[in-house]
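What follows is a short report on a single structure.
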Amino acid sequence: MAEGAVSPELARVTSRWAVEGGHTIDGYRASGSYAGYESIRAALDLSPDQVSGMVKDATVLGRGGAGFPAGVKWGFCPPGVWPRYLVVNGDESEPGTYKDRILMERDPHQLIEGCLIAAYAIGAAQVFLYVRGEMAHAQERIAAALNEAYAAGLVGKNILGTDFSVDIVLHWGAGAYIVGEETALIESLEGNRGMPRLKPPFFPAAKGLYMAPTFVNNVETQANLPWLVAHGVDAYRSVGTEASPGTRLIALSGHVNTPGVFEVPQGTTTFRELFEAEHYGGGIRDGHELKMFIPGGASAPWFFPEQVDLPLEGRVVGGEGSMLGSGAVVVMDETTDAVRACLRVVRFFARESCGKCAPCREGTTWEEKILQRILDGHGRPSDIDLLLDVADNISPGPYPTAAHPGAGLEAVPFPPRQTTICPLGPSSVAPITSAIRRFRHEFEAKITKRDSIPVAAAPAQGDH
Amino acid sequence: MARLTPANEQLARSIVARYPVPKSATIPLCHLAQEQDGHLTDDAMAHIAELVGCTAAEVLGTASFYEMFKRHETGTYCVNVCTNISCQLLGGEELLEHAERTLGVRAGGTTADGMFTLEDVECIAACTEAPALQVNYRYFHRISTEDFDQLVDDLRSGRLSDEVPPHGTLGKVRQEIPADKVANITPPEEQTEPVWIARHRQAAEGGAS
Numbered sequence: 424m425a426e427g428a429v430s431p432e433l434a435r436v437t438s439r440w441a442v443e444g445g446h447t448i449d450g451y452r453a454s455g456s457y458a459g460y461e462s463i464r465a466a467l468d469l470s471p472d473q474v475s476g477m478v479k480d481a482t483v484l485g486r487g488g489a490g491f492p493a494g495v496k497w498g499f500c501p502p503g504v505w506p507r508y509l510v511v512n513g514d515e516s517e518p519g520t521y522k523d524r525i526l527m528e529r530d531p532h533q534l535i536e537g538c539l540i541a542a543y544a545i546g547a548a549q550v551f552l553y554v555r556g557e558m559a560h561a562q563e564r565i566a567a568a569l570n571e572a573y574a575a576g577l578v579g580k581n582i583l584g585t586d587f588s589v590d591i592v593l594h595w596g597a598g599a600y601i602v603g604e605e606t607a608l609i610e611s612l613e614g615n616r617g618m619p620r621l622k623p624p625f626f627p628a629a630k631g632l633y634m635a636p637t638f639v640n641n642v643e644t645q646a647n648l649p650w651l652v653a654h655g656v657d658a659y660r661s662v663g664t665e666a667s668p669g670t671r672l673i674a675l676s677g678h679v680n681t682p683g684v685f686e687v688p689q690g691t692t693t694f695r696e697l698f699e700a701e702h703y704g705g706g707i708r709d710g711h712e713l714k715m716f717i718p719g720g721a722s723a724p725w726f727f728p729e730q731v732d733l734p735l736e737g738r739v740v741g742g743e744g745s746m747l748g749s750g751a752v753v754v755m756d757e758t759t760d761a762v763r764a765c766l767r768v769v770r771f772f773a774r775e776s777c778g779k780c781a782p783c784r785e786g787t788t789w790e791e792k793i794l795q796r797i798l799d800g801h802g803r804p805s806d807i808d809l810l811l812d813v814a815d816n817i818s819p820g821p822y823p824t825a826a827h828p829g830a831g832l833e834a835v836p837f838p839p840r841q842t843t844i845c846p847l848g849p850s851s852v853a854p855i856t857s858a859i860r861r862f863r864h865e866f867e868a869k870i871t872k873r874d875s876i877p878v879a880a881a882p883a884q885g886d887h
Numbered sequence: 020m021a022r023l024t025p026a027n028e029q030l031a032r033s034i035v036a037r038y039p040v041p042k043s044a045t046i047p048l049c050h051l052a053q054e055q056d057g058h059l060t061d062d063a064m065a066h067i068a069e070l071v072g073c074t075a076a077e078v079l080g081t082a083s084f085y086e087m088f089k090r091h092e093t094g095t096y097c098v099n100v101c102t103n104i105s106c107q108l109l110g111g112e113e114l115l116e117h118a119e120r121t122l123g124v125r126a127g128g129t130t131a132d133g134m135f136t137l138e139d140v141e142c143i144a145a146c147t148e149a150p151a152l153q154v155n156y157r158y159f160h161r162i163s164t165e166d167f168d169q170l171v172d173d174l175r176s177g178r179l180s181d182e183v184p185p186h187g188t189l190g191k192v193r194q195e196i197p198a199d200k201v202a203n204i205t206p207p208e209e210q211t212e213p214v215w216i217a218r219h220r221q222a223a224e225g226g227a228s
């Protein structure tokens, strides 16, 4: 696997990935792009409002999927209401996403220091690190790091001899994708089934864990804070774009020669560079050609060769009909069967639906059944429209999709509408509308032809 | 069918003490019980209910939501083959088929000797290492059919017993919070404005007046 940043200047959260022993407290202090545990020391000399101000001024965007600015999220907390809790979302499960696990395994102290900085700024009574259950190694690394940090007086009572005190508790998940949704995560942390809560309130900053104001931030978001405090707002904003400053981690998988997790400047790298550059993907595998790609995890509508020159910038990708989501880019070459790929992604949502909202619980199941029978050769001519109809009940259209210039179709911008509490159900529609809009002929051939047609690249001309 | 052993009950109480509200410890305690017995038994759930202050039905209600809790006996090794999109693109489904043939069970089944339970799982966050699988939540990357057969041999012969603990053992390292280092774990209703926040607020108010 290729990995990390192209140059040391760009290595903000990945600076210890290749360092032997970088996961220990001594390694954390002695290596990397800033001095470990000096940032919390510096933050403690500032007021909590000044630290919050830095996060807001730097525009630290949330790295979990929605891309919402963390500083603004912190501002939704009602003033004077205590306690407040900080919950770090390490339940990374979006298919294709593979960055928080590496951050937790290789640089757990960076995450802990990020938590301390955030807890100080927002006045958290306690921090919970919610780590996905299947990530045994990440849990071991974080547990060991927390034990070291407690022993060193960096976590717990009177941190660094000041009046700042906070406990950080490692919490194990137990296998449920939906728990990545922040209100479901809070339910899970309360010891319940991980089902999203009814909105409003839209943000747990108003009412969250134990109905107290709660900030739920992604692992990568927290991991950026020590670097930010060490180097300042201007340095943070020196790479990336005005709206999306800084770097972010992109997991590139699928049909490229050198898949990997890369730290790239936000907004300035294009998908083409990501796929083709030697220091990133190294080209579509073995001379094959690009058929389609998922730009931001399984929940994102698909992109096609026409979109490769777009930058990895949340707003641009959103306007073009998809999302950058959790930074997971999945590349599919012309050997990929669009129906089979579509079914696999839909099956994921059908399996992971928590069952709370009927349109999702029933709809994702029907989507899977219909796609399975099409793939098995038992499809009916009406199945394509039936699929779109079921999908429309979960997410009333028009559903976000990429432009298809060959067919004269324009992009429908993100996000989708929803008849459900959370975006899981609507996400299941992404592969369906993406695949049918572009590869309807592959679906039709599986339904009507005796011999299936060869799988092929995206046609330049529309087949609508 | 077993309740938690005295040693594990003590450990369980220390885990409960880490949460402002005891019921939050439900999932960690289910993991502890599964580590003890290999799966989650009814007696253990009843014991957990006593420890976190709810009913056994509520513990079951929570546990049954989560994929990792097994309420029946599993093999010593849970072999979880990922077939989600990134792995599918590079042969995850074919790897699962091969695993089914090699082990002689369908996904979800356990071999007659009680050694292996095979599962078809969702994304395990090793997408750049496809096709990937986990054995008792330990990773194995870029697995060919030959690699798979070798892995099965190694597990059967015990050559991997250091790297792969029996099913149920999650982290070999546990978090421990020394009693004298605990900052402030009390129920939410007993919490007030943190001292450092109050100090800065008072300083700002003092400066303003």
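In the order they appear, the protein sequences are chains A and B. Just so you know, we're using my numbering here: the first sequence kicks off at 424 and counts up by one. Just so you know, we're using my numbering here: the second sequence kicks off at 20 and counts up by one. Just so you know, even glycine gets a beta-carbon here, dropped at the ideal spot from N, CA and C.
Subject >> Under 9 Å by beta carbon: chain B residues contacting Leu612/A >> reply: Tyr38, Ser43, Ile46
Original post:
Cβ of Phe626/A less than 8 Å from any chain B Cβ?
Top reply: no
Original post:
What is the rounded straight-line gap between the Cα of Pro619/A and the Cα of Ala493/A?
Top reply: Here the alpha carbon of Pro619/A sits roughly 21 Å from the alpha carbon of Ala493/A.
Original post:
Nearest to Glu775/A by CA position, among Cys49/B, His66/B, Tyr85/B, Ala202/B, is which residue?
Top reply: Tyr85/B
**OP:** Step through the CB atoms of chain B and report whether any lies within less than 8 Å of the CB of Phe587/A.
**Re:** With 8 Å as the cut-off, Phe587/A counts as an interface residue toward chain B.
Original post:
What are the start and end residues of each continuous beta strand (DSSP E) run of 3 or more residues lying completely inside the stretch 678-712 of chain A, in chain order?
Top reply: 683-688
**OP:** Mind checking which residues open and close the beta strand (DSSP E) that includes Phe626/A?
**Re:** For Phe626/A, no beta strand (DSSP E) run applies, since DSSP gives it neither H nor E.
Subject >> C-alpha distance - Gly127/B paired with Glu119/B, whole-angstrom precision >> reply: 10 Å
**OP:** Report the three-state DSSP secondary structure of Arg770/A (helix, strand or coil).
**Re:** In the three-state reduction of the DSSP assignment, Arg770/A falls in the helix class, which pools H, G and I.
Original post:
Where in the stretch 457-522 of chain A do unbroken runs of the beta strand (DSSP E), each at least 3 residues long, occur, reported from the N-terminal end onward?
Top reply: 507-513
Subject >> Cβ distance (whole Å) where Tyr451/A is taken to contact Gln533/A below 8 Å >> reply: 7 Å
Original post:
With DSSP run on the structure shown, which of helix, strand or coil describes Glu563/A?
Top reply: helix
Subject >> Bridge partners - Arg157/B, DSSP secondary structure assignment >> reply: Note: Arg157/B sits in a beta bridge opposite Val154/B.
**OP:** Starting from Tyr96/B, follow its DSSP beta bridges and name the residues at the other end.
**Re:** Phe135/B
**OP:** For the stretch 533-553 of chain A and the stretch 638-653 of chain A, state whether three or more C-beta atom pairs, one from each stretch, are separated by less than 8 Å.
**Re:** yes
Subject >> Contact set for Ala548/A: own chain, Cβ-Cβ below 6 Å, skip 5 residues either direction >> reply: Pro506
**OP:** Go ahead and pull the three-state DSSP assignment for Cys765/A.
**Re:** helix
**OP:** Write down the C-beta distance between Arg767/A and Gln153/B rounded to the nearest angstrom, noting that I regard them as a contact closer than 8 Å.
**Re:** That belief does not hold up - the Cβ atoms of Arg767/A and Gln153/B are roughly 18 Å apart, past 8 Å.
**OP:** Measuring only between beta-carbons, confirm whether Lys779/A sits less than 8 Å from chain B.
**Re:** no
Original post:
Should Leu583/A go down as buried or exposed, given a rule of 16 or more other Cβ atoms within 10 Å for buried?
Top reply: exposed
Original post:
So is Val684/A in contact with chain B if we call contact Cβ pairs under 8 Å?
Top reply: yes
Subject >> Rounded straight-line distance, which links the Cα of Ala635/A to that of Glu563/A >> reply: 29 Å
Subject >> Residues that Thr81/B contacts on chain A, provided the C-beta gap is smaller than 7 Å >> reply: Gly614, Asn615, Arg616
Subject >> Closer than 8 Å to chain B by CB, Gly556/A >> reply: yes
Subject >> When Arg738/A, Val592/A, Ile793/A are compared against Ile34/B, the one with the closest alpha-carbon >> reply: Val592/A
Original post:
Looking at the C-beta of His532/A, does it have a partner C-beta in chain B at a distance below 8 Å?
Top reply: no
Subject >> Assigned exposure category for Ala544/A - 16 Cβ within 10 Å defines buried >> reply: buried
Original post:
Are the stretch 514-527 of chain A and the stretch 469-482 of chain A touching, with three or more C-beta to C-beta distances below 8 Å?
Top reply: no
Original post:
So which of Val100/B, Ile196/B, Val124/B has the shortest CA-CA distance to His160/B?
Top reply: Nearest C-alpha to His160/B: Val100/B.
**OP:** Would you decide whether Arg861/A is buried or exposed? Buried here means 16 or more other CB atoms lie within 10 Å of its CB.
**Re:** Arg861/A is buried by the Cβ-count criterion.
Original post:
Just curious, the alpha helix (DSSP H) that His654/A is in, first and last residue?
Top reply: Per DSSP, the unbroken alpha helix (DSSP H) holding His654/A starts and ends at 648-654.
Subject >> 8 Å Cβ shell around Gln117/B - same chain, five flanking residues per side excluded >> reply: Contrary to the premise, residue 117/B reads as His rather than Gln in this sequence. Result list for His117/B: Thr164, Phe167, in chain order.
**OP:** Identify whether Phe726/A lies in helix, strand or coil by the three-state DSSP scheme.
**Re:** Phe726/A falls in the strand class under three-state DSSP.
**OP:** Apply the 10 Å Cβ neighbour rule to Lys872/A and answer buried if 16 or more other Cβ atoms are within range, or exposed otherwise.
**Re:** It is exposed - the Cβ of Lys872/A has fewer than 16 other Cβ atoms within 10 Å.
Subject >> Neighbour list for Val192/B in chain A, Cβ cutoff strictly below 7 Å >> reply: The answer, in chain order, is Glu563, Ala566, Ala567.
**OP:** Can you tell me which of the three DSSP states Ala222/B falls into?
**Re:** helix
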